[in-house]
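Chemist:
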Amino acid sequence: MKTRQIVRIGALVVAGTILTAACSSKDADKTSSDTTTKTDDTVKGLSIDYSKLAATLNASGSTFQAALEEAAIATFQEQAPNVTINYAGGGSGKGKTDLQGGAATDFAGTDSLVKPGDKPLYKKGELLYFPIAAAPITVAFQLEGVSKLQMSAETIAKIFQAEITKWDDAAIKADNPDATLPATPIVIVHRAEGSGTTSNFTGFLNKAAPAAWKLGKGDTVNWPTSSQAG
Numbered sequence: 017m018k019t020r021q022i023v024r025i026g027a028l029v030v031a032g033t034i035l036t037a038a039c040s041s042k043d044a045d046k047t048s049s050d051t052t053t054k055t056d057d058t059v060k061g062l063s064i065d066y067s068k069l070a071a072t073l074n075a076s077g078s079t080f081q082a083a084l085e086e087a088a089i090a091t092f093q094e095q096a097p098n099v100t101i102n103y104a105g106g107g108s109g110k111g112k113t114d115l116q117g118g119a120a121t122d123f124a125g126t127d128s129l130v131k132p133g134d135k136p137l138y139k140k141g142e143l144l145y146f147p148i149a150a151a152p153i154t155v156a157f158q159l160e161g162v163s164k165l166q167m168s169a170e171t172i173a174k175i176f177q178a179e180i181t182k183w184d185d186a187a188i189k190a191d192n193p194d195a196t197l198p199a200t201p202i203v204i205v206h207r208a209e210g211s212g213t214t215s216n217f218t219g220f221l222n223k224a225a226p227a228a229w230k231l232g233k234g235d236t237v238n239w240p241t242s243s244q245a246g
């Protein structure tokens, strides 16, 4: 049985947490004024008895930051054992959609911004972003006998649009003149759900290979029908 060669999207670029905050400008002014009157120790250390807190918070979103979320939750619950925090993952797209629902979701992990046109869907108030992690995006491949390849943005764009369909394509050879490349098919694998990784990856191709990349930018795009979702 032949081993199918796979190209797939790896990690992500920037992860953040979104939540909605409902407060008027009057409330915001009051908060700012109150904060300035507190002692330095209170501002720096937030003098809170976490053991007295009791609540349940529900969240979903970015799978990249899920391990970080879980570790942070476990550490926080050591100080606040009566607080339950559930982080369901599901992808950035799901997190942003769930947050539109209001009470059921308290915050969402995302690796891409909410589109300006979607902001009216968030009824609870202003969106607040808190960057919490960063990592690169990689394009992973599996090709027997080849351990390293260099590919230009234009070549990557054509692969993910199924314009380059075999490993011995002239464009890949030009990028890797010393590599021995077989004439085996390339199988594209991409994220199935709405993904911030996809948004950042397609955004990169939009800027780095504007003449070659035709699928635009987004949490999801119209991938070639020959590609596989995973």
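Residues in the sequence shown are numbered from 17 upward in steps of one, following our numbering.
Ideal placement from N, C-alpha and C gives every residue a C-beta, glycine not left out.
Keep in mind it's a predicted model, so treat the numbers as computed, not measured.
Starting from Phe217, follow the alpha helix (DSSP H) in both directions and report where the run begins and ends.
Modeler: First-last of the alpha helix (DSSP H) with Phe217: Gly212 to Ala224.
Chemist: What are the start and end residues of the beta strand (DSSP E) that includes Ile175?
Modeler: Run containing Ile175: none in the beta strand (DSSP E); it sits in the alpha helix (DSSP H), Ala169 to Phe176.
Chemist: Is it buried or exposed, Asp134, if we count other Cβ atoms within 10 angstroms and call 16 or more buried?
Modeler: exposed
Chemist: So is Glu85 buried or exposed if we call it buried at 16+ other beta carbons inside 10 Å?
Modeler: buried
Chemist: What residue range is occupied by the uninterrupted beta strand (DSSP E) comprising Ser128?
Modeler: Segment: none, Ser128 is in no beta strand (DSSP E) and carries neither H nor E.
Chemist: Bridge partners of Lys182, per DSSP?
Modeler: Pro201
Chemist: Opposite Tyr66 in the DSSP bridges: which residues?
Modeler: Note: Tyr66 sits in no beta bridge, so no partner.
Chemist: May I ask you to report which of helix, strand or coil DSSP gives Leu144?
Modeler: strand
Chemist: Are the CB atoms of Ser76 and Gly111 nearer to each other than 8 Å?
Modeler: yes
Chemist: Considering Ala88, what are the terminal residues of the alpha helix (DSSP H) in which it resides?
Modeler: Ala82 to Gln95
Chemist: With DSSP as the reference, label Ala227 as helix, strand or coil.
Modeler: The answer is coil: DSSP assigns Ala227 none of H, G, I, E or B.
Chemist: Could you tell me the distance, in whole angstroms, from the CA atom of Ala173 to the CA atom of His206?
Modeler: 13 Å
Chemist: If you follow the beta strand (DSSP E) that Ser76 is in, where does it begin and where does it stop?
Modeler: For Ser76, the uninterrupted beta strand (DSSP E) run begins and ends at Ala71 to Gly77, by DSSP.
Chemist: For a test of the three-state rule: what should DSSP assign to Gln116, helix, strand or coil?
Modeler: helix
Chemist: Can at least three beta-carbon pairs, one atom from the region 159–177 and one from the region 134–146, be found at a separation below 8 Å?
Modeler: no
Chemist: Work out the CA separation of Phe217 and Ala87 for me, nearest whole Å.
Modeler: If I take the Cα positions, the gap works out to 27 Å.
Chemist: Which residues share a DSSP beta bridge with Thr100?
Modeler: Partner(s): Thr72.
Chemist: Among the candidates Ala83, Tyr66, Gly106 and Phe80, whose CA atom is the shortest distance from the CA of Gln93?
Modeler: The shortest Cα separation from Gln93 among Ala83, Tyr66, Gly106 and Phe80 belongs to Tyr66.
Chemist: Exposed or buried, which one is Gln81 when buried takes at least 16 other CB atoms within 10 Å?
Modeler: Counting Cβ neighbours within 10 Å, Gln81 comes out buried, since at least 16 surround it.
Chemist: Can you give the Cα-Cα distance for Asp122 and Ile101, rounded to whole angstroms?
Modeler: 10 Å
Chemist: What number of angstroms, rounded off, separates the C-alpha of Ile202 from the C-alpha of Asp235?
Modeler: 23 Å
Chemist: Quick one: using the 10 Å Cβ neighbour count with 16 as the cut-off for buried, is Ser242 buried or exposed?
Modeler: exposed
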